[in-house]
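Line by line, the protein sequences give chains A and B.
With the working numbering applied, the first sequence closes on residue 305, and no number is skipped along the way.
With the working numbering applied, the second sequence closes on residue 661, and no number is skipped along the way.
By construction, the Cβ of each residue, glycine as well, lies at the ideal position given by its N, Cα and C atoms.
All values reported here derive from a predicted model rather than from experimental measurement.
Here's the structure we're looking at; comments come further down.
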Amino acid sequence: MMLQAARVLGPVDPYLIPALDGVAYGLLLFVAASGLVFCFGVANILNLAHGLLYAIGAYLAAALLDGGWGSLLLALGVGTLAAAGAGGLLAGLLAPVARRDHLTQALLTFGVALAGGALLVTAFGPDSLPVRIPAALDRSVEVAGHRYAAYRLVFIGVAALIAVLLWLAVAKTRAGMLVRAAVDDADMVACLGVNPARIRLGVLGAAGALAGAAGVLGAPIIGPAPTTGDTVLLLSLVVVVLGGLGSVQGTLLAALAVGEIQSLGVALAPTAAPFLLFAAMALVLAVRARGLPGRFLRLRPGGST
Amino acid sequence: MTPAARRWLVRAGGVGLLLVAIALPWSVDAYTTSLFARTLVLGLVGVSVALLTGLAGLPTLGQTGPYAAGAYASALVAMHVSSVGVVQVLTGAAAGALFALLTVPLVVYARGVVVLMITLAIGELTVTAAGRWTSVTGGTDGLAGIPAIQPVWGMAPLASDRARYLYTLVVVGVVIAAMVMLLRTPAGLLLRASRDDEARTRASGHRVTGYLAVTFVGAGAVAGIAGSLLITAQQYVSPADFGFDVSALLLLGVVIGGAASIGGAIVGTALVIAVRDWLSGLLPGYAPLLLGGLFVLTAYLFPRGVAGFSTELANLVRSRSRGRTGPGDRPGTGIQGRPSRGEPVGAAPVSSGETR
């Protein structure tokens with residue numbers, strides 16, 4: 001059976017597992033980065049504390065998970081709520097400087113990221129923490145003749161479900177309609193009587209919930225450590241740069257691409273691996289020529305280039 | 306206070322600071338001298354950040370990229386080719402400029418917060434690459450054992466911290482003087498015009514994108530020179546010198562210094578670095594927490610930087626004495642009454658003060 005699978009897949013076979021890993025990694029990045037896309041696209045805030053929100057979820061997962069299903073649900077609930085609360089707090093901190101330039105907002109959110117990261121290290125210690133996933137998933141299953149971690153397979157399913165739900169929420173609900181309207185023309189939405197402060201609060205809270213859920217579910221993949229926040233922020237930013245702000249689908253494609261580059265790319269071209277993300281960014285921006293910045297700038301009325 | 310008097314005050318302050326900087330290595334111990342040398346190096350990177358953020362209107366978190374390129378190139382040259390300072394500084398400048406040239410298409414079409422985001426990604430990817438490209442950069446262990454520098458051919462290698470500090474001071478001084486002179490030419494005026502009203506500058510037949518690209522490459526060269534000075538001052542380099550925290554501290558220093566001011570940038574950066582080193586010595590382990598608080602406070606208290614704050618104060622005093630309010634009294638508002646894209650902090654009141 002194993003021999004047969006290997007013969008059928010032939011030269012693709014050694015890369016099957018990295019490719020699957022890439023899907024898991026990409027979907028994790030999608031859930032983590034979509035919050036950043038909302039912050040930026042809807043509320044026009046560059047939230048440099050976004051990685052902190054993920055780290056909160058990941059640390060809570062490490063603290064709460066004890067190998068049972070109940071603890072996973074508990075961690076998911078607590079992590080999502082805590083990160084959503086942190087996002088709401090951030091919205092409150094940002095309120096006084098809402099009309100100022102982006103530099104001020106970037107400084108403020110970076111300060112929060114720095115202080116929050118320091119608090120997390122004080123509370124949980126400077127080492128990276130182990131995460132105990134439910135015992136039923138702590139084994140490997142056979143995928144086309146290879147052993148593969150069961151947790152990652154389940155994670156792929158759950159993250160895909162979150163992606164579908166998110167797309168439905170943006171495309172079909174009233175709140176999603178507001179989000180799309182604010183991306184197109186924030187001033188017009190404000191004129192229609194929707195309070196920008198409430199949009200900011202809602203978006204940062206939702207971004208926090210998404211990042212917190214990603215942190216809890218993704219803790220076995222990008223685990224809690226002092227550098228977690230920076231790592232997640234960087235990868236999310238690359239996803240935003242690649243995917244633009246247009247759609248959930250764009251973010252999903254970009255996240256999957258980054259995930260594959262990070263795992264399949266490293267397996268295919270180990271020597272070029274450090275530069276692959278650079279190359280991907282340059283390639284996408286070159287292919288789209290001015291498309292990406294143009295789309296960003298169209299968010300602001302009068303922002304012609 | 307009249308603008309002329311203000312200018313004299315700033316000049317006197319600058320000369321005073323320069324004298325203090327020259328006298329410094331004779332009044333503190335060797336370790337503090339080497340700390341100040343590194344502070345000067347970061348100050349020069351801060352100047353390149355200010356050139357982009359304040360003068361070109363491209364707020365950047367990615368100047369650690371060309372800074373790292375210059376540092377590693379100079380380190381390799383110092384270890385394998387030449388210990389002559391001139392060669393290393395030129396290598397650093399070339400490497401920084403080349404790095405900027407390669408990344409310029411990613412940056413120059415974007416404005417405002419998008420630039421911040423793209424440059425942040427560039428800076429972070431550079432650190433990642435520096436950490437993984439072990440054969441050239443030594444990976445996370447870094448490159449150690451870099452030989453001491455001789456400033457020009459035939460001179461003895463600089464053995465003491467004091468000599469290395471003075472070498473750093475001289476190079477930083479020359480680079481900043483050259484930049485200030487360049488910015489006083491019509492080229493500097495065009496850059497300001499592109500920042501203040503891009504559409505009108507374009508309509509007047511100027512290639513704004515081209516100017517920004519040239520400025521970006523120039524700022525890359527300045528950061529590259531700072532990288533070569535880091536090698537001189539520290540004789541060691543590792544990816545930790547170019548982390549995200551460094552970019553953010555530089556941006557904080559530049560904002561405190563008033564964003565559009567070259568002198569303000571170096572003073573602001575030096576201040577922030579000094580506070581960081583002082584805090585980490587005073588309360589080990591709590592430095593990130595307190596620094597984070599400092600960032601938040603700065604965002605609330607000095608949205609236009611200390612220099613911008615003093616200009617606002619001066620405008621306020623002047624307008625009070627004339628019994629009317631000047632245009633500089635509404636901080637943070639662009640022409641349309643909302644922050645416009647890429648609006649530099651602390652720039653508008655300065656120009657309005659000069660035109661009056």
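Listed in chain order, the non-local C-beta contacts of A:A181 below 7 Å within the same chain comprise V189, local neighbours out to five positions each way being set aside.
By the C-beta criterion, the stretch 452-466 of chain B is judged not to be in contact with the stretch 398-414 of chain B, since fewer than 3 inter-stretch pairs fall below 8 Å. Per the Cβ contact rule, the stretch 595-602 of chain B is in contact with the stretch 107-119 of chain A (3 or more Cβ pairs under 8 Å). Ranking B:V551, B:A374, B:A592 by CA distance to the CA of B:L347 puts B:V551 first. At a cut-off of 7 Å between beta-carbon atoms, B:G597 makes contact with chain A. Taking the C-beta atoms as reference points, B:I536 is found no nearer than 7 Å to B:I481.
For the pair of segments examined, the stretch 255-268 of chain A was found not to touch the stretch 87-102 of chain A: the number of CB pairs separated by less than 8 Å stays below three. Residue contact check for A:D230 against chain B: a CB pair falls below 7 Å. For the stretch 350-381 of chain B, the beta-carbon criterion of a distance under 9 Å to any beta-carbon of chain A is satisfied by T358, P364, L366. Less than 7 Å separates the beta-carbon of B:P593 from that of A:A118. Interface annotation, B:L425: in contact with chain A, CB-CB separation under 7 Å. With respect to the 7 Å criterion, B:S533 and B:Q393 are classified as neighbours on the basis of their beta carbons. Taking CB atoms only, B:A553 has a neighbour in chain A less than 7 Å away. Between the alpha carbons of A:F278 and B:V354 lies a gap of roughly 21 Å. In the three-state reduction of the DSSP assignment, A:L137 falls in the helix class.
Between A:L252 and A:A163, the CB-CB gap stays under 7 Å.
With a beta-carbon spacing of about 14 Å, A:G57 and A:A159 fall beyond the 8 Å limit used to define contacts. If you ignore the 5 residues before and after A:V31, its C-beta comes within less than 7 Å of the C-beta of A159, I162, L210, A213, A214, all in its own chain and listed in chain order.
Going by DSSP, B:R416 is part of no alpha helix (DSSP H) at all; its letter is neither H nor E. DSSP places A:Y148 within a strand segment (E or B) once states are collapsed to three. Under the Cβ criterion of 7 Å, B:A434 is counted among the residues facing chain A. Within the stretch 421-449 of chain B, no run of beta strand (DSSP E) reaches 3 residues while sitting entirely inside it. Residue A:G79 holds the alpha-carbon nearest to the alpha-carbon of A:L52 among A:W69, A:F38, A:G79, A:L74. When secondary structure is reduced to three states using DSSP, A:V143 falls in the strand class.
Within chain B, the C-beta atoms nearer than 8 Å to that of A:P96 come from Y605, in chain order. A Cβ-Cβ distance of about 43 Å is found for the pair B:L340 and B:D502, leaving them out of contact under the 8 Å criterion. In its chain, beyond the 5 residues on either side, A169, V170 have a beta carbon closer than 6 Å to the beta carbon of A:G176. For the set B:A310, B:V477, B:A426, the Cα lying nearest the Cα of B:R343 is the one of B:V477. Counted as a single uninterrupted DSSP element, the alpha helix (DSSP H) harbouring B:D466 occupies residues 466-488. Boundaries of the alpha helix (DSSP H) around B:R505: 503-508. Between B:A528 and B:Q368, the gap from beta carbon to beta carbon is short of 7 Å. At a cut-off of 7 Å between beta carbons, A:A267 makes no contact with chain B. Minimum Cα-Cα distance from B:I423 among the listed residues B:V412, B:T433, B:L584 corresponds to B:V412. At least one beta carbon of chain A lies nearer than 7 Å to the beta carbon of B:F549. Going by DSSP, A:T251 is part of the alpha helix (DSSP H) stretching over 248-260. In the same chain as B:T431, and ignoring 5 residues on each side of it, the C-beta atoms closer than 6 Å to its own belong to G370, A373, in chain order.
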